[in-house]
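Counting along the sequence shown from 1, when you hit position 2 you're at 11 in this note's numbering, and nothing is skipped either side. Structure, as structure tokens:
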Amino acid sequence: MPQGYQTSFENQHGAHVVKVIHENGELAASGRIVLHGQTAIFDQIETAESHRRRGLGSVVMQSLDSLAVSAGINERLLVATEDGRALYTRLGWSVISPWSTAVLPVSP
């Protein structure tokens, strides 16, 4: 962990959330994981632009992964954008399927 940062953990609607907070109180990076059966689903991994290139994305991913390890889960899935591909590749992840987004309008 780079100097001047600390991590915090919380639960939000069934998801485990890790936050990396800068000493000035700013949210520097965050991510969430949902443990479902024997699968850990990583999502919404983000690093604030002013805090990038400091290893915080790796800190978030390793912190979330420790939750999966503690739960005895071996299968991991990651929902990610192209922006994070270099980080995830460096951490050993590989693309198994492209991700598509769809919207289902709610009828009035």
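Virtual Cβ for every residue (Gly too), placed ideally from N, Cα, C. All of these numbers come straight from a predicted model, not from anything done at the bench.
By alpha-carbon positions, which one of the options ends up nearest to residue i?
i     : options                    : result
Gly66 : Val26, Val88, Ile82, Gly93 : Gly93
Val27 : Asn33, Glu19, Ser75        : Glu19
Val43 : Gly13, Met70, Leu36, Arg99 : Met70
Gln15 : Glu84, Gly46, Gly64        : Gly64
His60 : Asn33, Leu113, Arg41       : Asn33
Ala37 : Gln47, Val68, Gly23        : Val68
Ile30 : Thr48, Met10, Gly46        : Met10
Which residue or residues does DSSP assign as beta-bridge partners of residue i?
i     : result
Glu84 : Thr48
Asn20 : His25
Glu55 : Ser39
My assumption, with CB atoms under 8 Å, is that residue i sits in contact with residue j. Please give the rounded CB distance.
i     : j     : result
Arg62 : Gln53 : Contact doesn't hold; Cβ gap of about 20 Å is too wide.
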